[in-house]
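Participant: Chains as they are written, first to last, in this note's numbering: chain C, 28 to 272; chain Z, 28 to 272.
For each residue, glycine too, the CB sits at the ideal point set by N, CA and C.
These numbers come from a predicted model, not from an experiment.
Can you read through this structure? Questions will come right after.
Here you go:
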C-alpha cells in the first residue's frame, strides 16, 4: 500500500466545493473518480482544507492510499488524463510515508484573496476576483488587518455552520497590498475557521471604504459575535495557495 | 455629434472574434447593441484591431459617433450596464476630436502571448494561455526573436486570408521572458499582419523546444513563404494589451 500526496490546482466555479455533496459536482468526487478509473479501486481523498463553492486553488493538497505499484509521474498523468476536460489539474504526485496526513500534518495554510477595485465591471476577471467599484484605501486595510494577526477568539469571523471545536486560532499573517487596480490580501495560519478569510476580507473592505476604523475592527473582534463584524466576501476572489508541512 | 473613444477589456472565448459575423456572437456586435440600447441610435464601432475568435483584450480601443449629449462616465456606465453579464467591459470612455480614428490614428499596438510551460494540464489557465508540456528554453526563444525585430517582409508569418496590401511591417519589439512556469511574449509594432503574432509564437516555440536554431528562423523569414515557418499558436494565449496614439 502506498500513500500518495497530490498538489492540486482548480477553478472552483463549476463545483459545489471541495467536499463530496449530494447537490452537485465536487472537486473531491472528480478526483476520486479519476483515481478509481486509473487504479481500479475506490479511494477516499483527504484534503488539507475544504474549499467552498466557487473558491479556487493553486495548491490544494490531498492524500490517498492505493496498492498499485506505479511511478509518481504515472500517477499524476493518469489522474489528469481522466480529469479532462475539467478545470482540475494534479500538479505533482509524490509517495509519502503512512504518517503523512494532508489535513492533520499541515503546519500552515496560505490563502490569497483578489479584489479588483475599479469602476468598470470585470471581463477577464469574472468569477476570479471580487469587484469593488468604490475606491479602497489598501494602506488603511493593511494597517487595520494587523489587529487580527496573533492568537485570538475569531468567533466574530466564523460562519454559523463552522464545525471547529474552538474559535481560538493564531493568524500568522494578514497582508493587504495594492498593485494597480488590484488589491491582494494574503492570509496565513495553521488553520482557519469556516469562512474566516472571507469574513475578514468583507470586514477589511469596510475599512478600505473609510466606513470603519482599525479601532472598530478591534471592537468587532473583541465582541466575539458574528453580527459585530462585516459581511462575507464572495468566493470568487479566494484562492487556496499552499500548505506547509 | 460627438466622437467617443472606448478602452475595452474582454474574454474572447464566447465570441467569433471582434468583428461582426453571421456565424456567431462578436464583441463588436455586443458593444454596438449596448450603445444602441442606451443611445437609441444604431452606430458602427471602429476598432484598432480585429481580434480572432478566442483572443482576449485588456486594452482594445474603438470609436463611434453619437448625437446624444452625455458625460464620459455616463457613456461608460450605460454601455457596461447593457453589456451585463457578458465578459466585456468598457474601462474608459473619452470624447475625442473628429480627426481621431481608432484604427488609422494608431501609432503602435501591443500584444501579450502567455504560454504555461509545465507537465500538468491547465486548470485556472484554461482558455487563457497555451499549454506547452515540453520544457522550453525562453532565453533561446528571446535571442532568436531578435531576428524578427525590425523592418521585414513577414510573408512567412502571414495568414493566407490576410487582407493587408503589403507584407512589409516594422516589428518594434519581440521579448520572451520566463516567470516560473509561465513564459510571456510581448510584441509591439505599428501594425501586424493577420495571425502574425500567433505565427511568430508558434515558430519561436520550435526554437524553445530545441528543434530550431535562430539561423533556421532567419531562413524562414527570408523564404517569404508561410510553409517555411512554424505552426500557428492557439488563440487562447493571445491578449491585445494596448494601443499608442
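1) Please look up how many angstroms separate the CB atoms of residue 259 of chain C and residue 247 of chain C, rounded, as I've assumed it's under 8 Å.
2) Got a sec: is the Cβ-Cβ distance from residue 50 of chain Z to anything in chain C below 9 Å?
3) Check the Cβ-Cβ distances between residue 83 of chain Z and every residue of chain D, and say whether any is below 9 Å.
4) Bridge partners for residue 117 of chain C per DSSP, in chain order?
5) Could you check where the alpha helix (DSSP H) with residue 109 of chain Z kicks off and where it finishes?
6) Along chain Z, which residues have their Cβ under 9 Å away from the Cβ of residue 111 of chain C?
7) So is residue 50 of chain C buried or exposed if we call it buried at 16+ other beta carbons inside 10 Å?
8) Identify every residue that forms a DSSP beta bridge with residue 29 of chain C.
9) Would you say the region 63-80 of chain C touches the region 94-111 of chain C, given that touching needs at least three Cβ pairs under 8 Å?
10) Just to confirm my understanding: we take residue 127 of chain C, look at its own chain, exclude 5 residues before and 5 after, and list those with CB closer than 7 Å. What are they?
11) Counting only the same chain and skipping the five closest in sequence on each side, list residues whose C-beta sits under 6 Å from that of residue 186 of chain Z.
12) Assuming residue 140 of chain Z and residue 228 of chain Z are in contact, meaning their beta carbons sit under 8 Å apart, how far apart are those beta carbons, in whole angstroms?
13) Taking the alpha carbon of residue 105 of chain Z as the reference point, which residue from C:147, C:111 and C:62 has its own alpha carbon closest?
14) With burial defined as no fewer than 16 other Cβ atoms inside 10 Å of the residue's Cβ, what is the status of residue 196 of chain C: buried or exposed?
15) With 9 Å as the threshold, decide whether the Cβ of residue 104 of chain C is near any Cβ in chain Z.
16) I need the straight-line Cα distance from residue 87 of chain Z to residue 168 of chain C, nearest angstrom please.
17) Can you find at least 3 beta carbon pairs, one from the region 251-265 of chain C and one from the region 148-166 of chain C, that sit closer than 8 Å?
18) Grouping DSSP H, G and I as helix and E and B as strand, with all else coil, what is residue 226 of chain C?
19) Could you round the C-beta distance between residue 256 of chain C and residue 138 of chain C to whole angstroms and report it? I think they count as a contact, below 8 Å.
20) Among the residues of its own chain, which have a CB less than 6 Å from the CB of residue 269 of chain C, if the five just before and after it don't count?
21) Residue 238 of chain Z: which of Z:58, Z:189 and Z:171 sits nearest, CA to CA?
22) Going by C-alpha distance, which of Z:241, Z:200, Z:271 and Z:184 is nearest residue 252 of chain Z?
23) Mind checking if residue 4 of chain C is an interface residue toward chain Z, Cβ cutoff 9 Å exclusive?
24) Against residue 115 of chain C, what residues of chain Z qualify as contacts under a CB-to-CB distance less than 8 Å, listed in chain order?
25) Along chain Z, which residues have their Cβ under 7 Å away from the Cβ of residue 118 of chain C?
Facilitator: Taking the definition as stated:
1) So it is not a contact: roughly 14 Å between Cβ atoms.
2) For residue 50 of chain Z, the answer is no, since every Cβ of chain C falls outside 9 Å of its Cβ.
3) Given the protein chain composition of this structure (C and Z), no chain D is represented.
4) For residue 117 of chain C, which the question treats as bridged, DSSP gives the partners C:35.
5) From DSSP, the alpha helix (DSSP H) with residue 109 of chain Z extends over 99-110.
6) 148
7) The residue in question, residue 50 of chain C, is exposed, as its Cβ has fewer than 16 Cβ neighbours within 10 Å.
8) C:93
9) yes
10) Counting only Cβ-Cβ distances below 7 Å, and skipping sequence neighbours, we find 30, 32 and 90.
11) 221 and 222
12) 5 Å
13) If we check each option's Cα against that of residue 105 of chain Z, C:147 comes out closest.
14) Buried, because 16 or more other Cβ atoms sit within 10 Å of the Cβ of residue 196 of chain C.
15) By this cut-off, residue 104 of chain C is an interface position.
16) Rounded to the nearest angstrom, the two C-alpha atoms are 33 Å apart.
17) yes
18) helix
19) Not a contact, Cβ separation roughly 17 Å.
20) 86 and 137
21) Z:171
22) Z:184
23) Any question about residue 4 of chain C goes unanswered here, given that chain C covers just 28 to 272.
24) 150
25) 147
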